[in-house]
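Same order as they appear, the protein sequences are chains A and B. Residue numbering for the first sequence follows the working numbering, starting at 1 and increasing by one per position. Residue numbering for the second sequence follows the working numbering, starting at 288 and increasing by one per position. All residues carry an ideal CB built from backbone N, CA and C; glycine is no exception. None of these values were measured; they are calculated from a predicted model.
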Amino acid sequence: MIDGNNEGARRSGPSVVSCGDLAFSYPGSEGAALTGVSFEARAGEYVGVVGPNGGGKSTLLRLLNGLIKADTGSVSIGGLDPAAEPFEVRKRVGMLFQNPDNGLVAPFVEDDVAFGLENLGVGRAEMRERVRRAIRAVGLEGYERREPHTLSGGEKQRVALAGLLALDPEILLLDEPTSMLDAAGRREVLERLEELRGTRTILHVTHHLDELLSADHVLVLNAGELVADVFPKRLVSDAKLRRENRLALPTASRLAAGLRLDPAQLRTPEELAEAILRRVKLGVEAR
Amino acid sequence: MRIELESVRHVYAPGTPFEVEALRGVSLMIESDEVLGIVGGTGSGKSTLAQHLNLLLAPASGRILADGVDVQTIARSELRRRVGLVFQSPEAALFAPTVEEDVAFAPQRLELGVEETRRRVRETLELLGASHLAARPPHALSAGEKRRVAIAGVLAMAPEVLVLDEPTAGLDPATREDLLGVLRALRDGGTSVVMISHDLDEVAEVADRVCVLEKGEERAVGTPEEVFYTFPEASLTPATVRVVRPLRGSHPEVGRPVRFEETLAALKELVGGQV
Numbered sequence: 001m002i003d004g005n006n007e008g009a010r011r012s013g014p015s016v017v018s019c020g021d022l023a024f025s026y027p028g029s030e031g032a033a034l035t036g037v038s039f040e041a042r043a044g045e046y047v048g049v050v051g052p053n054g055g056g057k058s059t060l061l062r063l064l065n066g067l068i069k070a071d072t073g074s075v076s077i078g079g080l081d082p083a084a085e086p087f088e089v090r091k092r093v094g095m096l097f098q099n100p101d102n103g104l105v106a107p108f109v110e111d112d113v114a115f116g117l118e119n120l121g122v123g124r125a126e127m128r129e130r131v132r133r134a135i136r137a138v139g140l141e142g143y144e145r146r147e148p149h150t151l152s153g154g155e156k157q158r159v160a161l162a163g164l165l166a167l168d169p170e171i172l173l174l175d176e177p178t179s180m181l182d183a184a185g186r187r188e189v190l191e192r193l194e195e196l197r198g199t200r201t202i203l204h205v206t207h208h209l210d211e212l213l214s215a216d217h218v219l220v221l222n223a224g225e226l227v228a229d230v231f232p233k234r235l236v237s238d239a240k241l242r243r244e245n246r247l248a249l250p251t252a253s254r255l256a257a258g259l260r261l262d263p264a265q266l267r268t269p270e271e272l273a274e275a276i277l278r279r280v281k282l283g284v285e286a287r
Numbered sequence: 288m289r290i291e292l293e294s295v296r297h298v299y300a301p302g303t304p305f306e307v308e309a310l311r312g313v314s315l316m317i318e319s320d321e322v323l324g325i326v327g328g329t330g331s332g333k334s335t336l337a338q339h340l341n342l343l344l345a346p347a348s349g350r351i352l353a354d355g356v357d358v359q360t361i362a363r364s365e366l367r368r369r370v371g372l373v374f375q376s377p378e379a380a381l382f383a384p385t386v387e388e389d390v391a392f393a394p395q396r397l398e399l400g401v402e403e404t405r406r407r408v409r410e411t412l413e414l415l416g417a418s419h420l421a422a423r424p425p426h427a428l429s430a431g432e433k434r435r436v437a438i439a440g441v442l443a444m445a446p447e448v449l450v451l452d453e454p455t456a457g458l459d460p461a462t463r464e465d466l467l468g469v470l471r472a473l474r475d476g477g478t479s480v481v482m483i484s485h486d487l488d489e490v491a492e493v494a495d496r497v498c499v500l501e502k503g504e505e506r507a508v509g510t511p512e513e514v515f516y517t518f519p520e521a522s523l524t525p526a527t528v529r530v531v532r533p534l535r536g537s538h539p540e541v542g543r544p545v546r547f548e549e550t551l552a553a554l555k556e557l558v559g560g561q562v
């Protein structure tokens, strides 16, 4: 049963990604990886995907870009069935994998970023410009002639993201795009994604709820089922929903809740510090 | 085991146009039975440092001592049994048909006998809460389950020092908590634990000492409260300290808490009767 009861508003507009009663089992495994999953993402929506390890998040992204084929149910992405037309779909859908090692193929960083464009037959001059912009966008200027295997995990993840930005797909499927990044790199990547908000449709899998506080809506997948499709506020307010799905609020929000301050209003540690100062001052004045 | 690094330097691709000096003379002590957290930005040399601890990479100059003995003089197989290294995304190396066989792979080569090997595999899987996965094929596991199995494979060697490179990346918060609990239990049992992480909040929670690497040099080493109250940059400060620090000017009595529970207690004390 999908729980969609909370405040907020969905975007209007055509459905770009939709799944109907989707089911999939990996060969040789006992349980189903996904069962009865139905949802839609409309054009320009930023959709979060959360849930415990093994909940079906990565499987869902693989089904959406046609890497695997659903056992039953329907998948439509930009009006196409990815299992039937995987190459058409991949012209419009960019995917970022969890482990960046799996995606890097070329001898130099700049070739890697250009790789997808080459396959699409983009002209030389335009390619160079798009690669340059993408490398700058992820803060890797000066890395053009580095060999990907000499890079750190976080640098590789940014190269992979640059490759995706250079392609500029209509739909972005991101599987934990910040999992290997330090605080500064994470902020940079989130800012890039924020710039794309509204103009691209984004599905963003993460374990960090703070990355999804301004998402349009968030899918919660647990044990292969879509247990909730909610506005992000609900994830902050509903402790039971979090507990049942092995989710955790960021540290500042947990401190705020412990102090009976509203975690939904206090998104950063600095905002919380200000609220505490105000509280203490009020207390002193009252006495 | 106590490990000492003396001015360790490492250069990738020396003498080529791609030369990178990843470590620029790092000196550091890793005490037995402590959790040492190593933090620092992307490309600061964290993973390179980790791979020196069991000589997967050798220093260009400088020395590494294990209980006072230069590790270069210790047989590699001996060193790698005593210093276990869990790589980034270690699940990529799972290969055996079942979890049990995968975890047994390394200890089998120690010639412990079938019974002892089996016992170790069983105990290690239990410690990591992965006993129920023993007969499953690794490729059918979820990312979090694979991670636990990969760590079990290293722990089954019963290393004296366990080095983990970003062990919680990609784990859900509850699984991450469980793993941090395992690391604490190992530390309490006398294993030195070196945890590399870009997640300052989790390092604040679990580390006894912290080393901050920056561009291949150690910028600070000390207890979490010494280190985390030193740097002005938010990118080097865990969320708990970012909340407390702005309060210290007008309310120094709040102290320098780092861990979540002690921070919450100090803040409750500060707001006093209001909560």
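Where residue i and residue j are concerned, what is the direct C-alpha to C-alpha distance, given to the nearest angstrom?
i      : j      : result
A521/B : L414/B : 35 Å
G163/A : R90/A  : 14 Å
A233/B : Q98/A  : This structure cannot settle anything about residue 233/B, because the visible part of chain B is limited to 288 through 562.
A257/A : G123/A : 54 Å
R406/B : R367/B : 21 Å
V189/A : E501/B : 21 Å
I276/A : E548/B : 17 Å
P52/A  : A347/B : 43 Å
D101/A : T206/A : 18 Å
Q395/B : V401/B : 8 Å
S319/B : M288/B : 5 Å
Since residue i meets chain A, which of its residues come closer than 7 Å, beta carbon to beta carbon?
i      : result
R529/B : P269, E270
G457/B : Q98, E176, S179
G559/B : G283
Among the options, which one has its Cα closest to the Cα of residue i?
i      : options                        : result
V499/B : H485/B, V493/B, E492/B         : H485/B
V371/B : V307/B, G355/B, V326/B, A437/B : Reading the sequence as shown, one finds Gly at residue 371/B and not Val. Considering only alpha carbons, the answer is A437/B.
Q157/A : S179/A, Y143/A, P169/A         : S179/A
H339/B : P301/B, S294/B, E321/B         : S294/B
S334/B : H538/B, K555/B, V481/B         : V481/B
S25/A  : D71/A, E40/A, S18/A            : D71/A
L323/B : R423/B, V541/B, T510/B, K555/B : T510/B
R254/A : S237/A, S214/A, N245/A         : S237/A
A41/A  : R130/A, D21/A, G224/A, G13/A   : G13/A
R260/A : A422/B, V541/B, K555/B         : K555/B
Can you find a CB in chain B that lies within less than 8 Å of the CB of residue i?
i      : result
Q265/A : no
S152/A : yes
G258/A : yes
M1/A   : Note that M1/A has pLDDT 44, beneath the 50 cutoff, so the model's placement of it is unreliable and the number below is only indicative. No, M1/A does not count as interfacial toward chain B.
E194/A : no
I276/A : yes
V47/A  : no
G185/A : yes
D101/A : yes
E147/A : yes
V105/A : no
V280/A : yes
Identify the contact partners of residue i in chain A, using a Cβ-Cβ distance below 8 Å as the criterion.
i      : result
F547/B : T251, R254, L255
T550/B : L255
G566/B : The requested residue 566/B does not occur in the structure, where chain B is confined to residues 288 to 562.
Q375/B : G153, M180
Spell out whether any CB of chain A is found under 8 Å from the CB atom of residue i.
i      : result
Q359/B : no
G468/B : no
L315/B : no
V562/B : Only weak support is given to the placement of V562/B: the predicted model assigns it a pLDDT of 46, under 50, and the value that follows is read from those uncertain coordinates. It does; some Cβ of chain A falls within 8 Å.
Y516/B : no
A383/B : no
E501/B : no
D389/B : no
For a contact meaning CB atoms closer than 9 Å, what does residue i contact in chain A?
i      : result
E432/B : N53, G54
Excluding five sequence neighbours on each side, which residues of the same chain lie with their C-beta closer than 6 Å to the C-beta of residue i?
i      : result
I289/A : Any question about residue 289/A goes unanswered here, given that chain A covers just 1 to 287.
M1/A   : Confidence is the limiting factor: at M1/A the pLDDT is only 44, short of 50, which leaves the residue's position unreliable and the question unanswerable from this model.
P377/B : A437
F374/B : D452
Can you give me the Cβ contacts of residue i inside the same chain, cut-off strictly under 8 Å, excluding the 5 residues immediately before and after it?
i      : result
R532/B : Y516, T524
Could you name the residues of chain E that residue i contacts, counting a contact when the two beta carbons are closer than 9 Å?
i      : result
E118/A : Of the protein chains in the structure, A and B, none is chain E.
Identify the contact partners of residue i in chain B, using a Cβ-Cβ distance below 7 Å as the criterion.
i      : result
G13/A  : Simply none; closest approach about 32 Å.
S237/A : What S237/A touches in chain B: nothing, since even the nearest Cβ is about 17 Å away.
S29/A  : A427
Closer than 7 Å by C-beta to residue i: which residues in its own chain qualify, once you throw out the five before and the five after it? Chain order, please.
i      : result
P544/B : T527, V531, T550, A553
F518/B : T524
D175/A : S58, L61, L96, F97, Q98, V205
Taking C-beta pairs closer than 9 Å, name the residues in chain B that residue i reaches, listed in chain order.
i      : result
L247/A : D459, P460, A461
List, in order along the chain, the chain B residues whose C-beta lies closer than 8 Å to that of residue i?
i      : result
A273/A : R529, V530, V531, R532, P533, L534
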